[in-house]
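Colleague: One structure, pasted below without further comment.
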Amino acid sequence: EPADLVAAFEARVAADEFIEPKDWMPEAYRRTLIRQISQHAHSEIVGMLPEGNWITRAPSLRRKAILLAKVQDEGGHGLYLYSAAETLGASRAEMIDALHAGKAKYSTIFNYPTPTWADIGAIGWLVDGAAIMNQVPLQRTSYGPYARAMVRVCKEESFHQRQGYEIMMTLAAGTSAQRRMAQDALDRWWWPALMMFGPPDDQSPNSEQSMRWRIKRDTNDELRQKFVDATVPQAELLGLTIPDPDLRWNEARGGYDFGAIEWEEFFAVVRGEGPCARERIEARRKAWEDGAWVREAADAYEMKRRQRLAA
Ligand code: 3HC
17 EPADLVAAFE ARVAADEFIE PKDWMPEAYR RTLIRQISQH AHSEIVGMLP EGNWITRAPS
77 LRRKAILLAK VQDEGGHGLY LYSAAETLGA SRAEMIDALH AGKAKYSTIF NYPTPTWADI
137 GAIGWLVDGA AIMNQVPLQR TSYGPYARAM VRVCKEESFH QRQGYEIMMT LAAGTSAQRR
197 MAQDALDRWW WPALMMFGPP DDQSPNSEQS MRWRIKRDTN DELRQKFVDA TVPQAELLGL
257 TIPDPDLRWN EARGGYDFGA IEWEEFFAVV RGEGPCARER IEARRKAWED GAWVREAADA
317 YEMKRRQRLA A
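Below, the structure written as structure tokens:
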């Protein structure tokens with residue numbers, strides 16, 4: 017690519033300008049954004065499955081209505097992000113095919129099962145909490161459509177996180193069986209939530225370029241640390257114990273030291289070996305096939321509309 021165009025592009029990014037769809041951009045910038053935004057969208061859509069599992073089982077009408085609203089929001093976030101990826105020339109069908117073929121990733125966190133109602137609390141509190149840590153900085157990502165999509169997404173994520181934490185507060189203040197259910201959910205979701213932020217910085221092949229082009233504003237480890245520091249006091253408020261014997265406040269650092277993450281588990285889940293991996297992709301494939309008639313009807317309608325206009 018012409019060196020002067022790359023230099024002008026890098027100067028704009030360094031000056032914190034937004035890059036818009038019609039602006040010149042290096043091919044590698046376009047490609048890595050399609051990679052990240054499409055996988056972000058896949059994460060939102062697949063993330064509807066573990067939570068959707070509890071819509072018909074919610075313990076009250078109020079909880080059911082809230083969960084229904086949250087799952088609908090996640091679907092909206094996914095469609096928003098697929099549209100942002102399309103501004104870079106990606107096609108919806110290609111992105112969906114890549115997910116179904118196991119070529120594109122979705123967040124590891126959605127490969128874990130949700131056996132109890134407390135999982136819905138832990139997902140809202142920890143998974144949406146981690147998503148907020150990761151998505152707030154993305155409001156300043158250098159690609160305009162992605163940054164603007166994040167502004168809307170972040171507003172809804174705070175509702176998601178708060179409703180999850182409220183579920184955990186209710187359980188933690190409930191019977192001993194409810195408290196045990198809340199602690200069991202924290203035990204199962206704590207470490208996978210830390211893995212959401214991605215591999216350690218020294219094993220993160222995309223970070224150097226993404227930081228230089230201000231796609232990523234903080235590194236994986238920086239956001240992970242911020243999440244731990246913000247979440248430990250919330251667990252203490254609930255009277256729940258974080259399943260990490262090495263967790264302790266480090267006054268000198270002004271943050272928590274925490275135990276080693278099972279990176280072997282993380283990389284296995286990224287490779288598609290997560291507990292629910294097959295079930296998740298099967299469900300997405302079935303939903304896509306079941307919805308084919310709607311897409312065909314919309315295409316037929318559009319064709320007739322254009323013929324009427326052309327007549
Ligand atoms: N799950 C699956 N794959 C992951 C992963 C995770 N938690 N973390 C990293 N990876 C993959 C990366 O995609 C990359 O593979 P690729 O090159 O084939 O895409 C590889 O592991 C190496 O990781 P890197 O750190 O080099 O990759 P990135 O620089 O892209 O950083 C990221 C990873 C921090 C997840 C970044 O892509 C990102 O910020 N993405 C946007 C946010 C996002 O996708 N969040 C997922 C959750 S969405 C959600 O939680 C919904 C909420 O509403 C509940």
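Here the sequence shown stands for residues 17 to 327, where the numbers follow full-length UniProt numbering. In this text, a Cβ means the ideal position worked out from N, Cα and C, and glycines have one as well.
Indicate, with yes or no, if the ligand 3HC has a heavy atom lying under 6 angstroms from the CB of Asn69.
Modeller: False, no ligand heavy atom lies under 6 angstroms from that Cβ.
Colleague: Measure how close the beta-carbons of Ile136 and Glu67 come, nearest whole angstrom, since I'm counting them as under 8 angstroms.
Modeller: Ile136 to Glu67, Cβ: 6 angstroms. Contact.
Colleague: Am I right that Gly214 and Gln177 are in contact with their C-beta atoms under 8 angstroms? What's the rounded C-beta distance?
Modeller: Their Cβ separation, rounded to whole angstroms, is 20 angstroms, which puts Gly214 and Gln177 out of contact at 8 angstroms.
Colleague: Considering only residues of the same chain and omitting the five flanking positions on each side of Trp229, which have a CB-CB separation below 7 angstroms?
Modeller: Excluding sequence neighbours, Trp229 sits near Val29, Tyr45, Ser158.
Colleague: For a test of your reading of the model: does the CB of Gly91 fall under 6 angstroms from any non-hydrogen atom of the ligand 3HC? Yes or no.
Modeller: False, no ligand heavy atom lies under 6 angstroms from that Cβ.
Colleague: Could you pull the start and end residues of the beta strand (DSSP E) that Asn266 belongs to?
Modeller: Here the beta strand (DSSP E) through Asn266 covers 264 to 266.
Colleague: Thinking C-alpha only, which one of Leu254, Glu173, Glu224, Trp207 is nearest Asp262?
Modeller: Measuring from the Cα of Asp262, the nearest candidate turns out to be Trp207.
Colleague: In the DSSP assignment, find the unbroken alpha helix (DSSP H) run with Tyr98 in it and report its ends.
Modeller: Per DSSP, Tyr98 belongs to the alpha helix (DSSP H) from 77 to 102.
Colleague: Measuring only from the beta carbon, is Ser76 closer than 6 angstroms to any heavy atom that is part of the ligand 3HC?
Modeller: Flag unset: Cβ of Ser76 not near the ligand 3HC.
Colleague: What does the Cβ neighbour count give for Asn266, buried or exposed, with the cut at 16 atoms within 10 Å?
Modeller: The residue in question, Asn266, is exposed, as its Cβ has fewer than 16 Cβ neighbours within 10 Å.
Colleague: Assess contact between the stretch 281 to 290 and the stretch 118 to 132, defined as three or more Cβ pairs (one per stretch) separated by less than 8 angstroms. Is contact present?
Modeller: Yes, since at least three Cβ pairs between the stretch 281 to 290 and the stretch 118 to 132 fall closer than 8 angstroms, the two stretches touch.
Colleague: Please work out which residues of its chain come closer than 7 angstroms, Cβ to Cβ, to Met256, disregarding the five sequence neighbours upstream and downstream, and give them in chain order.
Modeller: Strictly speaking, residue 256 in this sequence is Leu, with Met absent from that position. Cβ within range, chain order: Ala188, Ala198, Gln199, Leu202.
Colleague: Over what stretch of residues does the alpha helix (DSSP H) that includes Tyr181 continue unbroken?
Modeller: Taken as a continuous stretch (DSSP letters only), the alpha helix (DSSP H) holding Tyr181 covers 160 to 188.
Colleague: Is the distance from the Cβ of Ala106 to the Cβ of Ile61 below 7 angstroms?
Modeller: Taking 7 angstroms as the Cβ cut-off, Ala106 and Ile61 do not qualify as a contacting pair.
Colleague: Is Gln250 near the ligand 3HC - that is, is its Cβ less than 6 angstroms away from at least one heavy atom of it?
Modeller: Result no, Cβ not under 6 angstroms from the ligand 3HC.
Colleague: Does at least one heavy atom of the ligand 3HC sit under 6 angstroms from the Cβ of Gln52?
Modeller: The answer is yes for Gln52.
Colleague: Where do the ends of the beta strand (DSSP E) carrying Asp273 lie?
Modeller: Residues 271 to 273.
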